[in-house]
Every structure is written in C-alpha cells, then in structure tokens.
Amino acid sequence: MTDRPPAAPWSTLLSDAAEQVEAGNAARAQELLRPVFEQGSAAERAEARLLLANLQLRLQGSFEAALDNAQRAALDYAQLGDTRGECRALHAQAIAATRLGFYEMALDGALMAVRLADGLPPCPEAVLAYHALGIAMYLGRCFPEATAAYQQGLQLAAQCQPPLPPYELQVDLANTESVRYVVERAQGGRRAGLDPLSRQMQICDALYSQTGLIPGLTPGSAANTRFIHLISSALLAYWKAEPQQAAAAVQALEQALAHGDRPWLRTALAWLRAEGALAAGQLARAELEAREAQRHARHHRHEALFDISSQVLTHVLERLGRPGDALAVLRQLAERQHRHRAGSLHSRIDIIDRRMALRRRAPDPQQQLKDTQFYQRLAMEDPLTGLANRRRFEQQLAEWLDSPLPEHLPNQLHLAMVDVDRFKAINDQHSHAIGDAVLRRLAGLLEEGIREGDLAARWAGDEFVLLLRGLDDERAEQVCARIQARVAQTAWDDLAAGLRLSISLGVSAARPEDSVVTLLARADAKMYRDKRGS
Numbered sequence: 001m002t003d004r005p006p007a008a009p010w011s012t013l014l015s016d017a018a019e020q021v022e023a024g025n026a027a028r029a030q031e032l033l034r035p036v037f038e039q040g041s042a043a044e045r046a047e048a049r050l051l052l053a054n055l056q057l058r059l060q061g062s063f064e065a066a067l068d069n070a071q072r073a074a075l076d077y078a079q080l081g082d083t084r085g086e087c088r089a090l091h092a093q094a095i096a097a098t099r100l101g102f103y104e105m106a107l108d109g110a111l112m113a114v115r116l117a118d119g120l121p122p123c124p125e126a127v128l129a130y131h132a133l134g135i136a137m138y139l140g141r142c143f144p145e146a147t148a149a150y151q152q153g154l155q156l157a158a159q160c161q162p163p164l165p166p167y168e169l170q171v172d173l174a175n176t177e178s179v180r181y182v183v184e185r186a187q188g189g190r191r192a193g194l195d196p197l198s199r200q201m202q203i204c205d206a207l208y209s210q211t212g213l214i215p216g217l218t219p220g221s222a223a224n225t226r227f228i229h230l231i232s233s234a235l236l237a238y239w240k241a242e243p244q245q246a247a248a249a250v251q252a253l254e255q256a257l258a259h260g261d262r263p264w265l266r267t268a269l270a271w272l273r274a275e276g277a278l279a280a281g282q283l284a285r286a287e288l289e290a291r292e293a294q295r296h297a298r299h300h301r302h303e304a305l306f307d308i309s310s311q312v313l314t315h316v317l318e319r320l321g322r323p324g325d326a327l328a329v330l331r332q333l334a335e336r337q338h339r340h341r342a343g344s345l346h347s348r349i350d351i352i353d354r355r356m357a358l359r360r361r362a363p364d365p366q367q368q369l370k371d372t373q374f375y376q377r378l379a380m381e382d383p384l385t386g387l388a389n390r391r392r393f394e395q396q397l398a399e400w401l402d403s404p405l406p407e408h409l410p411n412q413l414h415l416a417m418v419d420v421d422r423f424k425a426i427n428d429q430h431s432h433a434i435g436d437a438v439l440r441r442l443a444g445l446l447e448e449g450i451r452e453g454d455l456a457a458r459w460a461g462d463e464f465v466l467l468l469r470g471l472d473d474e475r476a477e478q479v480c481a482r483i484q485a486r487v488a489q490t491a492w493d494d495l496a497a498g499l500r501l502s503i504s505l506g507v508s509a510a511r512p513e514d515s516v517v518t519l520l521a522r523a524d525a526k527m528y529r530d531k532r533g534s
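And the structure:
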C-alpha cells in the first residue's frame with residue numbers, strides 16, 4: 001500500500017490553489033492542483049476537479065473543458081454522497097453550458113441543483129443553485145424567470161449564517177436588464193425602458209462603494225462580477241447619452257484586460273465599442289465593431305455573447321436601412337438557437353423530478369447503477385456531436401493497446417486521425433451555426449462508416465479520431481477511403497447554399513512499442529500529409 005501524506009497538506013494546496021484562481025494566476029493554480037489529482041483522496045480530487053472547472057471557466061475561457069470537469073466533479077460528489085459538493089459542481093456545469101449555448105444542459109444542471117438544495121437549510125450551495133437557475137433562464141431569454149431565480153437566491157443569501165454578500169446576484173440582475181434592453185431594441189417591439197436597469201445599477205454601485213472588490217460566490221468569480229458591473233455601467237451611460245461616464249468604465253475594463261487576457265472580456269469590449277459608435281451616430285463603425293464582437297464570440301465559442309452581438313448587429317443594420325441583411329443575421333441566429341435549445345422544457349423538468357424522486361427512496365441497487373451509468377455517459381460524451389469525447393477515446397486506446405485480440409482476428413489496432421478541410425472558411429462564410437451542423441452530420445457519417453465495436457470520437461474542434469480493431473492494413477485503409485468518399489459525395493448544400501465538404505485522413509497501425517502519444521503523433525503526421533496533397 002502506498003504511503004499517503006497526511007490530509008492537511010492537501011487541504012492547504014486546495015486552499016492555496018483557490019487563492020491563485022482568485023488572483024487570476026491560472027498556471028500557478030494548476031501547478032498546485034497537480035499533486036492533489038495524483039495522490040489526493042476521492043473527495044479531494046473531486047474538489048480539485050471543480051476548482052479546475054472554475055479556473056477554466058473564469059480565467060481561460062475554456063468552456064468545453066470546464067463543462068467536462070464540472071460534469072465529472074458532479075458525478076464524483078454524487079458517488080461520495082456529498083450533496084453540497086454536487087450542488088457546487090452542477091452550478092459550474094450550468095454556467096459552462098450557458099457559455100456554449102447548451103440551454104437544455106444548463107437547465108438540467110440548474111434544476112438538479114435546485115432540487116438537491118431544497119433539502120438543505122439556507123446555505124451557500126442553495127444560493128448557487130438558484131444562481132445557476134437564473135443564468136440558465138437568462139440564456140433562454142426567460143427574463144422574468146431569471147429575475148425570480150436571482151431574487152430567490154438573494155433571499156437565501158440573507159438567511160445564511162453568516163449572510164452571503166448579495167453583490168454578485170445583484171450584478172447579474174443588472175446584466176439581465178441590460179441584455180433584455182438589447183434584445184427588445186433589436187426586435188423593435190415595446191421596451192421596458194431604462195428605469196429597471198437604472199434602479200438596479202444604483203443598488204450595485206452602492207454595494208461596491210461600501211467595500212470595494214467583494215468576494216465572489218465561487219473561486220474566480222469576484223473579478224468577473226466587477227467586470228460585468230462595469231459593462232452594465234458603460235451600457236447604461238451610452239444609452240442615457242453620458243459618453244464620459246461610459247468612457248471611464250470602458251477604460252477600467254481595458255486596463256483589466258491589459259493585466260490578463262480574458263477572451264470573453266475582449267468580446268464584451270467590442271460590443272461596448274459598437275454601442276459607443278451607435279450612440280455617436282457612427283453607424284458604419286458600429287457595424288464593424290458588432291461584427292468584431294461576433295467574430296470573437298464565435299472563435300471562443302461564447303454563445304451568449306454571440307447572441308448579444310448578433311442582436312446589436314441586427315439593430316445597426318436596420319438603422320443603416322439594410323433590412324435584408326438584418327433578417328439574414330436573425331435567421332442565422334435563430335438556426336443556432338434552435339439547434340441548442342430544441343426540446344421540451346416541461347419534459348426535461350419532469351425527468352429531473354423523477355430522478356429526484358428516485359433519490360429520495362430507499363437505495364435501489366439497480367437504479368443506482370443506472371444513475372451511475374447515466375452520469376458516466378455524460379462525462380464521456382462530446383456534447384455537440386454525441387460521439388465519445390477525448391477522455392473516452394484516450395482511455396479506450398490505452399486499454400486496447402494493452403489488450404490482444406482473439407487469435408482468429410488480425411491482432412492489429414489502427415488509429416485514423418480525421419480533419420475537416422478549410423473548416424475555418426466554413427465558419428467564416430456560413431456562420432458558426434452551420435459549422436456546428438457540419439460537425440454533427442460528419443460525426444454521424446463517421447459512426448456509420450465503422451463497424452460495431454470500433455470507436456469514433458471527437459478529438460478537438462474539427463478533428464476526429466477513429467479506432468479500428470482487428471483489421472489488417474489493407475482493410476483499414478479501405479474503411480478510411482470509403483468514409484472519405486462518402487463525405488465528399490454527401491449533399492451538404494441543404495445546410496448552406498454552395499457548401500461542399502472534404503476531409504483529410506491519416507491512418508496508422510499500432511506497434512508493440514507504441515503509447516497513446518506515439519500512435520497519435522504518427523496518425524496525425526499522415527493526416528497532414530494527406531491534407532497537403534488535397
């Protein structure tokens with residue numbers, strides 16, 4: 001049995017890592033977490049994973065990684081029977097899902113957290129549950145429901161012992177009013193006006209002036225909350241024709257960005273520049289800045305900000321007398337939203353309620369196994385395509401490298417690396433929504449092209465990997481060639497007029513001395529040779 005250091009150093013490392021996240025030092029925080037992952041207990045590893053998710057979410061803008069780690073942490077806490085920890089992890093899961101535009105997943109996590117918190121006294125975890133619900137509703141543009149969730153969180157925060165600072169929830173209420181104004185302005189209907197936002201900003205300004213930077217609800221959220229406060233302040237000032245006050249808030253945000261790059265903040269600043277140009281009557285510049293905000297949001301997969309920048313761009317194009325272009329932007333946005341938000345809200349609430357009812361009953365080993373398998377599938381599945389994710393692929397590859405096949409089959413394992421040709425051009429010319437639809441359809445073609453027992457996975461971005469087992473070199477090459485031909489022959493123009501697609505593919509057989517890294521590198525090199533020749 002391996003000797004393990006006493007618990008105190010691990011709790012100290014976790015505490016120190018949380019402080020580094022608060023200070024914006026992502027690299028140092030990750031260094032501190034590494035030994036906890038390697039040698040900590042199951043509970044300590046769950047805490048480290050959740051802290052890593054918050055780091056990726058707040059500091060790095062790595063939303064897919066944050067979502068993956070938050071899901072795994074939620075599963076770990078559930079297996080440990082730690083309801084409070086599970087609530088915190090579901091909160092991070094919901095926020096990461098909103099950034100990616102996964103409304104259903106965000107709502108699932110938030111509702112699960114709320115149901116779990118209903119059995120707890122007023123505590124920070126209950127506050128986080130309603131905060132998550134507010135953010136999920138905000139993504140769905142259910143503004144009254146978002147406001148109600150934040151208000152419930154504020155009530156619980158006041159009842160905690162000691163009470164939690166209300167600042168973050170109040171700032172998110174202000175942000176909700178800001179975005180409501182942008183959406184209603186773009187839609188051209190009746191607006192709530194600026195009074196609700198003005199009142200909310202007075203509350204936020206008063207709270208901040210009392211104490212300065214206020215601790216956040218989760219590690220790393222304090223600074224981001226202050227940035228959102230400044231963004232809402234600048235927006236209100238632009239809309240009230242107070243450019244000097246807006247400029248002061250923008251300058252503070254630019255100074256913050258100079259001290260540490262936060263991709264989402266760069267997008268928000270482009271949005272603010274568009275609003276400033278609008279307020280000054282500089283419509284051509286406003287269009288450029290709104291498109292720049294779109295570009296940043298699309299590149300970093302921040303779907304909430306892509307939505308907002310699209311609403312701003314629509315309003316600018318209407319002001320420029322280009323309703324056709326404005327309609328095209330809204331159509332692309334609607335397609336994007338439909339993909340991420342399809343499904344019935346009520347049916348998903350029913351699913352959560354049934355799952356919670358099962359949890360309240362006496363333990364049922366079969367149901368516990370089903371629940372565990374359900375959460376394990378979530379932790380191993382790519383949320384966009386439904387394929388295995390990178391973690392699942394790496395685990396399977398490592399296992400198969402060590403597992404010989406039955407004697408009647410060729411004892412060979414082939415790895416194919418797949419990359420979409422000129423995928424960036426597809427995103428740029430047809431929108432990120434079309435790009436995502438391409439990846440989803442391609443994932444289906446890859447699964448159809450392999451045999452049962454093989455594995456198709458999404459590696460990263462527009463890269464996929466295939467594991468083909470029990471084939472000789474010639475047959476493995478044939479499988480890959482058929483897939484390549486099928487992709488080229490598929491009609492893609494129903495997604496976007498004139499759209500065509502091809503893939504580059506490199507396949508390599510595993511060698512006895514191979515590791516995951518060496519086999520991947522060889523397949524990757526072959527794929528790039530194929531790309532250069534295409």
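In terms of full-length UniProt numbering, the sequence shown opens at residue 1 and continues consecutively. Where a beta carbon is used, it is the ideal one built from N, C-alpha and C, also for glycine.
Closest to residue i by C-alpha separation, out of the options, would be which residue?
i	options	result
Asp68	Ala258, Thr211, Leu51 and Gln79	Leu51
Ser209	Arg226, Asp195 and Leu217	Arg226
Leu257	Asp454, Ala270 and Val312	Ala270
Ala525	Val420, Ala46 and Gly506	Gly506
Gln202	Glu452, Glu38 and Leu230	Leu230
Ser310	Pro9, Leu154, Val36 and Leu330	Leu330
Tyr138	Val114, Pro162 and Ala110	Ala110
Leu55	Tyr77, Asp82 and Ala92	Ala92
Met417	Cys480, Lys424 and Ile434	Cys480
residue 535	Phe102, Ala113 and Val21	The shown model of the chain, from 1 to 534, leaves out residue 535, and the question about it has no answer.
residue 541	Leu235, Trp239 and His259	What the structure shows of the chain is the stretch from 1 to 534, and residue 541 is not part of that stretch, so it cannot be assessed.
Arg441	Ala246, Asp493, Gln396 and Ala268	Asp493
residue 553	Asp473, Leu333 and Ala328	There is no way to answer for residue 553, as the model of the chain reaches only from 1 to 534.
Ala279	Trp264, Ala268, Gln255 and Pro243	Pro243
Leu499	Ile228, Arg451 and Ala437	Ala437
Phe423	Arg84, Lys531, Leu90 and Val171	Lys531
Alpha carbon to alpha carbon, how far is residue j from residue i? Give it in angstroms, no decimals.
i	j	result
Glu64	His302	10 angstroms
Gln30	Ala17	7 angstroms
Ala241	Leu272	14 angstroms
Leu217	Glu168	7 angstroms
Ala193	Asp108	Looking at the sequence provided, one finds Gly at residue 193 rather than Ala. About 32 angstroms.
Arg486	Arg72	35 angstroms
Asp419	Ala456	13 angstroms
Leu33	Glu394	21 angstroms
Asp382	Leu445	16 angstroms
Leu471	Gly461	28 angstroms
Ser233	Ala157	24 angstroms
Ala26	Gln20	7 angstroms
Arg319	Ala284	10 angstroms
Arg262	Leu116	32 angstroms
Asn389	Leu288	36 angstroms
Once you ignore the five residues that flank residue i on each side, which residues in its own chain have a CB closer than 6 angstroms to its CB?
i	result
Gln159	Pro122
Arg522	Ser508
Ala145	Residue identity differs from the one stated: residue 145 is Glu in this sequence, not Ala. If we look at Glu145 and ignore the five residues flanking it on each side, its Cβ neighbours are Met137.
Gly435	Ile426 and Asn427
Which residues in the same chain have their Cβ closer than 7 angstroms to the Cβ of residue i, if we skip the five residues on either side of it in sequence?
i	result
Arg99	Phe63, His302, Glu303 and Ala304
Ala149	Tyr130, Leu133, Gly134 and Met137
Gln484	Ile503 and Leu505
Pro35	Leu13
Helix, strand or coil: which one does DSSP assign to residue i?
i	result
Asp68	helix
Gly386	coil
Ala241	coil
Leu495	coil
Ser178	helix
residue 547	Summary: the structure shown does not reach residue 547, with the chain confined to residues 1 through 534, and so no result is reported for it.
Leu345	Because the pLDDT at Leu345 is just 43, under 50, the model does not fix this residue reliably, and the point stays unresolved.
Ser403	coil
Leu120	coil
Met380	coil
Arg451	coil
Pro6	Any reading at Pro6 needs caution, since the residue's pLDDT is 44, under 50, leaving its predicted position unreliable; the model's value is listed next. Residue state, collapsed to three classes: coil.
Ser504	strand
Leu253	helix
Ala78	helix
Phe423	helix
Between residue i and residue j, how many whole angstroms is the CB-CB distance? I'm expecting something under 8 angstroms.
i	j	result
Gly24	Leu59	6 angstroms
Gln200	Ala174	4 angstroms
Pro215	Pro166	In fact, because the Cβ distance is near 12 angstroms, the residues do not count as touching under 8 angstroms.
Ala293	Ala286	Actually they do not touch by this definition, with Cβ atoms about 11 angstroms apart.
Quick one: what's got a C-beta closer than 8 angstroms to residue i's C-beta in the same chain, skipping five residues either side?
i	result
Glu477	Val507
Ser11	Glu44
Shorter than 7 angstroms, the distance from the beta carbon of residue i to the closest heavy atom of the ligand GTP, or not?
i	result
His302	Ligands in the displayed structure: none, and consequently the ligand GTP is not present.
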